[in-house]
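Notes follow the structure.
Protein chains: 2
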Amino acid sequence: MFTLSEENYLKAIYHLQTISRKGISTNSIAKKLKTKASSVTDMIKKLADKKVLVYKKYQGVTLTDLGNQIATGVIRKHRLWEVFLVDKLNFSWDEVHDVAEQLEHIKSPKLINELDAFLGFPKTDPHGDPIPDKDGEFQKIEKRLLSTIEPSQLGVCIGVKDSSSEFLKYLDKYQISLGQQIKVISKEPFDDSLTILIHDKEITISQKIANNIYIQS
Amino acid sequence: MFTLSEENYLKAIYHLQTISRKGISTNSIAKKLKTKASSVTDMIKKLADKKVLVYKKYQGVTLTDLGNQIATGVIRKHRLWEVFLVDKLNFSWDEVHDVAEQLEHIKSPKLINELDAFLGFPKTDPHGDPIPDKDGEFQKIEKRLLSTIEPSQLGVCIGVKDSSSEFLKYLDKYQISLGQQIKVISKEPFDDSLTILIHDKEITISQKIANNIYIQS
DNA sequence: TTAATTTTTTAGATAAGACTAAAAATATTT
DNA sequence: AAATATTTTTAGTCTTATCTAAAAAATTAA
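So the protein sequences, as listed, match chains D and S.
When the letters of the first sequence are read in order and numbered with the working numbering, they come out as residues 1 to 217.
When the letters of the second sequence are read in order and numbered with the working numbering, they come out as residues 1 to 217.
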């Protein structure tokens, strides 16, 4: 059995691995979890003992199959609870994160599988992220960053890279939501800001914003 | 803010107070929480510092208004989650306890109030226990133990005193559930066992069983 | 009202998970 | 390649919540 803290480390390492694919450094874990490198060293030793990751001093860590399994299990729970909060309890997509961070640690296989069925076996969470199934499997969704779309091209918003409340509230303000059609009108070469057509209105967004919106085109 | 452990102590003390109404002894808390008296002493000192209970050495403890408020808040959460599990996720009444013990510590006022609304503001949980409302208020339900009913009298099962899985499975076996009409046929003077009519069948139950079934008559 | 028993508290220890500060190893510059 | 900077680890401390063993207080019995 894994503690809340151990689960959070595994989840963090898992997410870091989806970005870099190499051995995950102590420092990057510390940054992600807002803790200190020395605390990370302590914990990864413990996790190595538990066979969920491979650790060699100064070399960073890699999750084992068991580690990946536990991490995706926690992510499955997190995302299913997010769907529950939005679909059933009137939460908006910028309000779900903190509560899901708590709920993801509830231990009960029956609970999570029944919840999955109750929600109709959703494939993605309210931010467009895929939900692993019972066996930890989930298909990659074809997606590109809005910032990579060329002017005059069309796409549909299918996810966000940054799920912070601040960013999501910004999107709400401009009525940018999942499933929303977006057409790129023009790109400003100086700062790479984009003028886009959405809801029949033209708005201009910075590159930073465009870098955090996933599009299917 | 209160830790999981602190919340469990408050809940335990609250439940003990509903039985005895006097100062709650260190030992009784230890027994209820399956911990040691010395651990209880440590914790109640901390809780006294936090103004949720009044403690004088060797005198037992009493919850303050704040302490009662926090305890009923946790109980509200526990019971609402139990309703959710049974009504929405196909749990049976003997499966909900352990999961609700975890869920009751999730911190989010919006979550619990939306859940309450989603469930249709239930007044009782799957074991017949009353659910405190937003303000911690709940009405006492008029109830008697089945063991106090005289032969030839009729009643409806409205709750159980013991919510353990073992006891509830026993009740399932004899198809005794909430809302079930029960008629007492006779009482055996030797061991106070009862013969009752339920589902048009006569069955005999021990006094111990009858002492854990609440009846409205 | 002493004596024996039980309950409660204190003192000291342990484990988990975090921290700071310093040492050791690795990376990066020049 | 040596010097500098960065990263990682170690060592030691802290807090929370537990425990055991012993001391102190309260209760019960003789």
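In this text, a Cβ means the ideal position worked out from N, Cα and C, and glycines have one as well.
Inter-residue Cα distance where the pair is residue i and residue j
i, j, result
"residue 213 of chain S", "residue 159 of chain S", "6 angstroms"
"residue 168 of chain D", "residue 94 of chain D", "6 angstroms"
"residue 80 of chain S", "residue 183 of chain D", "46 angstroms"
"residue 109 of chain D", "residue 77 of chain D", "10 angstroms"
"residue 194 of chain S", "residue 152 of chain S", "11 angstroms"
"residue 104 of chain S", "residue 56 of chain D", "40 angstroms"
"residue 148 of chain S", "residue 26 of chain S", "32 angstroms"
"residue 9 of chain S", "residue 29 of chain S", "8 angstroms"
"residue 199 of chain D", "residue 51 of chain D", "51 angstroms"
"residue 202 of chain D", "residue 40 of chain D", "47 angstroms"
"residue 176 of chain D", "residue 162 of chain S", "52 angstroms"
"residue 90 of chain S", "residue 107 of chain S", "24 angstroms"
"residue 42 of chain D", "residue 207 of chain S", "56 angstroms"
"residue 146 of chain D", "residue 37 of chain D", "35 angstroms"
"residue 215 of chain S", "residue 100 of chain S", "25 angstroms"
"residue 49 of chain S", "residue 64 of chain S", "12 angstroms"
"residue 205 of chain S", "residue 166 of chain S", "15 angstroms"
"residue 128 of chain D", "residue 144 of chain S", "53 angstroms"
"residue 172 of chain S", "residue 217 of chain S", "22 angstroms"
"residue 190 of chain S", "residue 20 of chain S", "30 angstroms"
"residue 188 of chain D", "residue 75 of chain S", "57 angstroms"
Residues sharing a beta bridge with residue i, DSSP
i, result
"residue 183 of chain S", "S:154, S:197"
"residue 214 of chain D", "D:145, D:159"
"residue 55 of chain D", "D:61"
"residue 204 of chain S", "S:195"
"residue 130 of chain S", "S:124"
"residue 24 of chain D", "D:61"
Neighbourhood of residue i by C-beta, 6 angstroms cutoff - its chain only, sequence neighbours within 5 removed
i, result
"residue 72 of chain D", "132, 136"
"residue 47 of chain S", "53"
"residue 1 of chain S", "none"
"residue 180 of chain D", "157"
"residue 154 of chain S", "183"
"residue 192 of chain D", "207"
Given residue i as reference, the closest of the options once Cα atoms are compared
i, options, result
"residue 3 of chain D", "D:102, D:185, D:30", "D:102"
"residue 139 of chain S", "S:111, S:86, S:122", "S:122"
"residue 119 of chain D", "D:29, D:25, D:83, D:180", "D:83"
"residue 14 of chain D", "D:31, D:5, D:41, D:70", "D:70"
"residue 134 of chain D", "D:141, D:189, D:114", "D:114"
"residue 86 of chain D", "D:36, D:162, D:124, D:1", "D:124"
"residue 44 of chain S", "S:217, S:68, S:173, S:6", "S:6"
"residue 164 of chain D", "D:20, D:68, D:98", "D:98"
"residue 174 of chain S", "S:197, S:75, S:111", "S:197"
"residue 88 of chain S", "D:92, D:111, D:178, D:21", "D:111"
"residue 96 of chain S", "S:126, S:49, S:35", "S:126"
"residue 92 of chain S", "S:192, S:211, S:178", "S:178"
Other residues of its chain near residue i: CB distance less than 8 angstroms, five sequence neighbours each side excluded
i, result
"residue 18 of chain S", "none"
"residue 170 of chain S", "209"
"residue 16 of chain S", "24, 28, 29, 32"
"residue 186 of chain S", "151, 194, 195"
"residue 66 of chain S", "51, 52"
"residue 211 of chain D", "145, 146, 147, 161"
Residues of its chain near residue i, where Cβ-Cβ distance is below 7 angstroms and the 5 sequence neighbours each way are ignored
i, result
"residue 23 of chain D", "59, 60, 61, 62"
"residue 12 of chain D", "29, 32, 33"
"residue 141 of chain S", "130, 158"
"residue 116 of chain S", "80"
"residue 68 of chain D", "14"
Name, going along the chain, the residues of the stretch 160-180 of chain S whose beta-carbon falls closer than 7 angstroms to a beta-carbon of chain D.
none
Please list, in chain order, the residues of the stretch 114-126 of chain D that have any C-beta partner in chain S closer than 9 angstroms.
114, 115, 117, 118
Quick one: which residues of the stretch 87-110 of chain S get their C-beta closer than 9 angstroms to a C-beta of chain D? List them in chain order.
88, 89, 90, 91, 95, 98, 99, 102, 103, 105, 106, 107, 108, 110
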